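K.L.:
After the structure tokens below, expect a handful of questions from me.
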Amino acid sequence: QVQLVESGGGLVQPGGSLRLSCAASGSIFSIDVMGWYRQAPGKERELVATIINGSSTYYADSMKGRFTISRDNGKNTVYLEMNSLKPEDTAVYYCRAIAPFHAWGQGTQVTVSS
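The opening position of the sequence shown corresponds to residue 1184 in this note's numbering, with each subsequent residue numbered one higher.
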């Protein structure tokens, strides 16, 4: 079973950028759909973006134009580039293998604050 480890979170000022990485313990070539989710304090976990093998992507409305999901099958890594960050983007960000295999990472904290 694949294991996922996120990194790249931290504290950033409003308007800043971060790039999150999700490294898989095995090959992600056979994982057709991967995604990023986030969970803010007191809120339910929500979908941020997904990417399908072949590079088809989907973004939640509030992330469109600011976030970019990508994958490097050779490095078994999925990325989330986040720009123009807002305080409301503060959350724990989770990587997920969605289909056909299912797995969650442990999460990485992103805090947007001045």
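C-beta atoms are modelled at their ideal positions from N, C-alpha and C, and glycine is treated no differently. These numbers were taken from a predicted model, which means no experiment stands behind them.
Taking the runs of the beta strand (DSSP E) that are 3 residues or longer, which of them lie wholly in the segment 1215-1254?
P.N.:
1216-1222, 1229-1235, 1239-1242
K.L.:
Would Ile1234 and Met1246 be called neighbours here (beta carbons separated by less than 7 angstroms)?
P.N.:
no
K.L.:
Just mark Phe1250 as buried or exposed, buried being the case when its beta carbon has 16 or more other beta carbons within 10 Å.
P.N.:
buried
K.L.:
Note the first and the last residue of the continuous beta strand (DSSP E) segment covering Leu1201.
P.N.:
1201-1207
K.L.:
Exposed or buried, which one is Glu1271 when buried takes at least 16 other CB atoms within 10 Å?
P.N.:
exposed
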